[in-house]
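Numbering (the numbering used here), first residue to last: 1491 to 1899. Down below is the structure, laid out as structure tokens.
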Amino acid sequence: MANSSDNDSQTKTGQRPVNTIWTKNFTLLCLANIALFMSIQVLLPTLPVYLFMLGGSYKEVGYAMGAFTICSMLMRPIAGYLVDSWGRKRIITLGLFLVFAVSWLYQLSNLPIMIIVTRGLHGLAFGLVGTAVGTIVADSLPLNRLSEGMGYFGLTTSLSMAVAPIIGFWLADTYGYSNLFLWVIGMSFLALILSIPVQGAKIPLPASTKTIGGIAGRLVEKSSLPASVVMLLLSSVYGSVLSFIALYASESGIANIGFFFTAMAISMLISRPFSGRWADQGGSNTVLLIGYGAIISGLITIVLSHSISGLMLAGAVFGFGFGFCIPTLQAFSIRFAPAHRRGAATATFFIALDLGIGLGTIIWGYVAAASNYQVMYVSALLPVILAVILYYVLKCHGFYARPSVETHS
1491 MANSSDNDSQ TKTGQRPVNT IWTKNFTLLC LANIALFMSI QVLLPTLPVY
1541 LFMLGGSYKE VGYAMGAFTI CSMLMRPIAG YLVDSWGRKR IITLGLFLVF
1591 AVSWLYQLSN LPIMIIVTRG LHGLAFGLVG TAVGTIVADS LPLNRLSEGM
1641 GYFGLTTSLS MAVAPIIGFW LADTYGYSNL FLWVIGMSFL ALILSIPVQG
1691 AKIPLPASTK TIGGIAGRLV EKSSLPASVV MLLLSSVYGS VLSFIALYAS
1741 ESGIANIGFF FTAMAISMLI SRPFSGRWAD QGGSNTVLLI GYGAIISGLI
1791 TIVLSHSISG LMLAGAVFGF GFGFCIPTLQ AFSIRFAPAH RRGAATATFF
1841 IALDLGIGLG TIIWGYVAAA SNYQVMYVSA LLPVILAVIL YYVLKCHGFY
1891 ARPSVETHS
């Protein structure tokens, strides 16, 4: 049954506020998300080094880093169903407690296989809490400012991604990995504490929908598929950049590639709230068109760049494009879902995003191996073009123009 506590962003009549974004719920969720990602992102650049220190191989590093993503993706459809049926508040509390509990295992892991198992468990817990957080955020936002609110919330992830790797290297180099893992434990505990006052929306589950659609219908929200498929195509390109830009720079003799990621993170920080506000004011099509164009321009700039300044420009343009596209598509994926299915809608969108990054890493790896990195990045233009075509075909068939469905009582 759904959680019985009222969302603090709703009025006594159960309706959303007209214009308020920065409610107590939303602010606490933003702070908790920063703490959560500060606990997770510090491990991305540092854990491979730790695995090598334990005698791990390149394959074991790949298994460890992939285990988190795969397990998180596998958990998301289940998490979406649990969020909708058990209640938002219960699942976010359970998920953050599991993240906190699993964080202790890093301190106890002194073999590569133990790290791999811990990463898998960490991914399962993150898939659970990430879906719950995204759903409560959607519940907390007024529909007429959903894209803008998602943009602001996305800033918390971008900020953590920009800062956490620096902190991770500093802690590992200065104080050792034991203290780095204490940071992970502390940040996950802080996220749990910050989530305690958060309230989950009271959204009843209509009896007529409980047995429709079978297992697949329960785990995936079909109204989210149009936006999610477009996101899958775009995130496959995102995976090519995240996974291979450092190798491309090294092959091209370009140093200090970290500035590429800094430029991309700053660009996303700036563009997310601006694009969300624009989309909510009726400019979704323009926002997405600009975003698609920026992603294409970023890929072309990567291919043409022969210096770090060129790659920094590419990173800024690329980040600008995704800063425009991600919150707008995420809002589309949630806006058309019934209130009692927002958990499944959130899960559907992030499954597509995670799957796109994972498939993109594999596919573009094969393309690079068969040719070179320049050919790979030129080839990555294809899914962006397909995303543009698919979006406008679906738009012409009315998939992005249906009225939203609210079921608050």
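C-beta atoms are modelled at their ideal positions from N, C-alpha and C, and glycine is treated no differently. All of these numbers come straight from a predicted model, not from anything done at the bench.
query: Of the residues Ser-1713, Gly-1690, Val-1688, Leu-1614, which one's Cα is nearest the Cα of Pro-1828?
result: Walking along the sequence shown from the start, residue 1828 turns up at place 338. With respect to the C-alpha of Pro-1828, the residue from Ser-1713, Gly-1690, Val-1688, Leu-1614 having the closest C-alpha is Ser-1713.
task: With a 10 Å radius around its C-beta and 16 neighbouring C-beta atoms as the bar for buried, classify Leu-1801 as buried or exposed.
output: Taking the first residue of the sequence shown as position 1, residue 1801 is located at position 311. With 16 or more Cβ atoms within 10 Å of its Cβ, Leu-1801 is classed as buried.
- request: Let me know if Ile-1626 comes out buried or exposed under the rule of 16 or more other beta-carbons within 10 Å of its beta-carbon.
  value: As a working mapping, residue 1626 is identified with position 136 in the sequence shown. Buried, because 16 or more other Cβ atoms sit within 10 Å of the Cβ of Ile-1626.
task: Tell whether a beta-carbon distance below 8 Å holds between Val-1720 and Tyr-1881.
output: Along the sequence shown, one-based indexing puts residue 1720 at 230. Along the sequence shown, one-based indexing puts residue 1881 at 391. Yes. Within cutoff.
- prompt: Between Gly-1658 and Arg-1578, which are expected to be in contact by the criterion C-beta below 8 Å, what is the C-beta distance as a whole number of angstroms?
  reply: Looking up residue 1658 in the sequence shown gives position 168. Looking up residue 1578 in the sequence shown gives position 88. Their Cβ separation, rounded to whole angstroms, is 30 Å, which puts Gly-1658 and Arg-1578 out of contact at 8 Å.
- prompt: Apart from the five residues on each side of it in sequence, which residues of its chain come closer than 8 Å, Cβ to Cβ, to Ile-1511?
  reply: Here residue 1511 corresponds to residue number 21 of the sequence shown, with the count starting at 1. For Ile-1511, where only same-chain residues beyond five positions count, the Cβ hits under 8 Å are Leu-1631, Pro-1632, Arg-1635, Glu-1638, Gly-1639, Tyr-1642.
message: Classify Val-1883: buried if its beta carbon has 16 or more other beta carbons within 10 angstroms, exposed otherwise.
response: Here residue 1883 refers to the residue found at position 393 when the sequence shown is read from its first residue. The residue in question, Val-1883, is exposed, as its Cβ has fewer than 16 Cβ neighbours within 10 Å.
- request: Tell me whether Asn-1746 is buried or exposed, calling it buried when 16 or more other Cβ atoms sit within 10 Å of its Cβ.
  value: Translated into the one-based positions of the sequence shown, residue 1746 becomes position 256. Asn-1746 should be labelled exposed.
- prompt: Okay, do the segment 1791 to 1811 and the segment 1737 to 1756 touch, 3+ Cβ pairs below 8 Å being the bar?
  reply: yes
- prompt: Quick one, which of Ser-1593, Leu-1661, Phe-1558 has its alpha-carbon nearest Gly-1613's?
  reply: Position 123 of the sequence shown, counting from 1, holds the residue named residue 1613. Ranking Ser-1593, Leu-1661, Phe-1558 by Cα distance to Gly-1613 puts Phe-1558 first.
Nonlocal neighbours in the same chain, by C-beta distance under 6 Å from Phe-1810, ignoring five residues either side: Counted from its first residue, the sequence shown places residue 1810 at position 320. Once the five neighbours on either side are set aside, the close Cβ partners of Phe-1810 are Ser-1757, Ser-1761, Ala-1784.
- prompt: Going by beta carbon distance, what residues of the same chain come within less than 7 Å of Ser-1795, once the five residues before and after it are set aside?
  reply: To locate residue 1795, count along the sequence shown from 1; it is residue 305. Excluding positions up to five away in sequence, the list reads Leu-1801, Ala-1804.
- request: Compare the Cα-Cα distances from Leu-1611 to each of Val-1589, Pro-1602, Thr-1621, Pro-1716 and report the closest residue.
  value: Start at 1 with the first residue of the sequence shown, and residue 1611 comes out as number 121. For the residues Val-1589, Pro-1602, Thr-1621, Pro-1716, the minimum Cα distance to Leu-1611 belongs to Val-1589.
- prompt: Do Ser-1529 and Ala-1662 have their C-beta atoms closer together than 8 Å?
  reply: As a working note, residue 1529 is residue 39 in the sequence shown. As a working note, residue 1662 is residue 172 in the sequence shown. Going by C-beta atoms, Ser-1529 is not nearer than 8 Å to Ala-1662.
query: Below 8 Å between beta carbons: does that hold for Gly-1729 and Gly-1620?
result: In the sequence shown, residue 1729 corresponds to position 239, counting from 1. In the sequence shown, residue 1620 corresponds to position 130, counting from 1. In this structure, Gly-1729 lies away from Gly-1620, with their beta-carbon atoms at least 8 Å apart.
- prompt: How close, in whole Å, do the beta carbons of Thr-1647 and Phe-1527 come, if the pair is a contact with beta carbons under 8 Å?
  reply: Locating residue 1647 in the sequence shown gives position 157, where the first residue counts as 1. Locating residue 1527 in the sequence shown gives position 37, where the first residue counts as 1. About 6 Å separates the two Cβ atoms, so the contact holds.
task: Pull up the distance between the alpha-carbon of Val-1710 and that of Tyr-1665, whole angstroms please.
output: In the sequence shown, residue 1710 corresponds to position 220, counting from 1. In the sequence shown, residue 1665 corresponds to position 175, counting from 1. Rounded to the nearest angstrom, the two C-alpha atoms are 44 Å apart.
task: Taking 8 Å as the cut-off, decide whether the C-beta atoms of Gly-1459 and Ser-1726 are in contact.
output: No statement about residue 1459 is possible, as the shown extent of the chain runs from 1491 to 1899 and does not include it.
- prompt: Leaving out five residues before and five after Asn-1509 in sequence, what residues of the same chain have Cβ atoms less than 8 Å from its Cβ?
  reply: As a working mapping, residue 1509 is identified with position 19 in the sequence shown. These residues qualify, in order along the chain: Pro-1632, Asn-1634, Arg-1635.
- request: For Trp-1854, count neighbouring Cβ atoms within 10 angstroms of its own Cβ and tell me buried if that reaches 16, exposed if not.
  value: By 1-based counting over the sequence shown, the position of residue 1854 is 364. Flag for Trp-1854 reads buried.
field: Under the three-state DSSP convention, the category Leu-1843 falls into
entry: Translated into the one-based positions of the sequence shown, residue 1843 becomes position 353. Three-state result, Leu-1843: helix.
task: Following the continuous alpha helix (DSSP H) through Asp-1663, name the residue where it begins and the one where it ends.
output: By 1-based counting over the sequence shown, the position of residue 1663 is 173. From DSSP, the alpha helix (DSSP H) with Asp-1663 extends over 1636 to 1665.
- prompt: Since Leu-1541 and Pro-1602 are thought to touch, with beta carbons under 8 Å apart, how far apart are those beta carbons, to the nearest angstrom?
  reply: In the sequence shown, the residue the question calls residue 1541 occupies position 51. In the sequence shown, the residue the question calls residue 1602 occupies position 112. Correct: roughly 6 Å between the Cβ atoms.
field: Contact check, Met-1866 vs Val-1857, beta carbons under 8 Å
entry: As a working mapping, residue 1866 is identified with position 376 in the sequence shown. As a working mapping, residue 1857 is identified with position 367 in the sequence shown. Yes, they are a contact pair.
field: Same chain only: Cβ atoms within 7 Å of Leu-1645, ignoring 5 sequence neighbours per side
entry: Residue 1645 sits at position 155 when you count from the first residue of the sequence shown. Around Leu-1645: Leu-1759, Arg-1762, Pro-1763.
message: Taking the beta carbon of Pro-1687 as the centre, do at least 16 other beta carbons fall within 10 Å, making it buried, or is it exposed?
response: On the sequence shown, position 197 is the one that residue 1687 refers to. Looking at its Cβ environment, which holds fewer than 16 other Cβ atoms inside 10 Å, Pro-1687 is exposed.
message: Assuming Val-1878 and Tyr-1782 are in contact, meaning their beta carbons sit under 8 Å apart, how far apart are those beta carbons, in whole angstroms?
response: As a first step, residue 1878 is located in the sequence shown; it is residue number 388 there, counting from the start. As a first step, residue 1782 is located in the sequence shown; it is residue number 292 there, counting from the start. Val-1878 to Tyr-1782, Cβ: 5 Å. Contact.
field: Buried/exposed call for Met-1543, threshold 16 Cβ in 10 Å
entry: Indexing the sequence shown from 1 puts residue 1543 at position 53. Classification for Met-1543: exposed.
message: What does the Cβ neighbour count give for Ile-1824, buried or exposed, with the cut at 16 atoms within 10 Å?
response: Sequence index remark: in the sequence shown, residue 1824 carries index 334 (1-based). Buried, by the Cβ-count rule.
task: Tell me whether Cys-1886 is buried or exposed, calling it buried when 16 or more other Cβ atoms sit within 10 Å of its Cβ.
output: As a position in the sequence shown, residue 1886 is number 396, starting the count at 1. Exposed, since its Cβ has fewer than 16 Cβ neighbours within 10 Å.
query: Is the CB-CB distance between Arg-1767 and Asp-1629 below 8 Å?
result: Reading the sequence shown from its first residue, position 277 is the one you call residue 1767. Reading the sequence shown from its first residue, position 139 is the one you call residue 1629. Between Arg-1767 and Asp-1629, the C-beta gap is not smaller than 8 Å, which leaves the two residues out of contact.
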